[in-house]
């Protein structure tokens with residue numbers, strides 16, 4: 367019978383494992399790998415994924431710097447929002463002024479038409495009145 371040596375101990379050709387004379391100790395994990403060790407010598411050690419294109423805020427290591435940058439961004443966004451609201455209010459006021467001017471113009475035209483109509487009626491009444499008096503012959 368042939369004996370084959372392995373990490374676990376001597377094995378016979380039949381495949382049964384004999385108890386090793388020296389106890390086998392587990393291999394310690396590499397420091398900082400979080401348990402990512404394959405145990406196979408031909409495999410490369412796994413490393414944390416490294417992003418090539420990070421935003422500038424995330425590239426800086428300091429949390430205070432990140433927070434400061436985020437606060438600046440927030441302030442800029444707030445300022446832009448306020449400017450947009452101001453522009454919208456100015457546009458709304460300008461449109462309202464145009465609408466009011468149009469209404470005033472239409473009202474003025476309506477009153478003008480009524481004046482013409484009334485003056486025509488008044489002239490008609492005056493002519494009738496003049497015709498009734500016998501001073502003017504028609």
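Numbering (this note's numbering), first residue to last: 367 to 504.
Backbone N, C-alpha and C define an ideal beta-carbon position, used for all residues, glycine too.
Please state the DSSP three-state secondary structure of residue i.
i, result
"residue 492", "helix"
"residue 445", "helix"
"residue 461", "helix"
"residue 485", "helix"
"residue 454", "helix"
"residue 476", "helix"
"residue 424", "helix"
"residue 407", "coil"
"residue 391", "coil"
"residue 317", "A query on residue 317 cannot be resolved here, the shown segment of the chain reaching from 367 to 504 and no further."
"residue 431", "helix"
"residue 471", "helix"
"residue 440", "helix"
Taking 8 Å as the CB-CB cut-off, is residue i touching chain D?
i, result
"residue 450", "Looking at the structure shown, chain D is missing, and only one protein chain is on hand."
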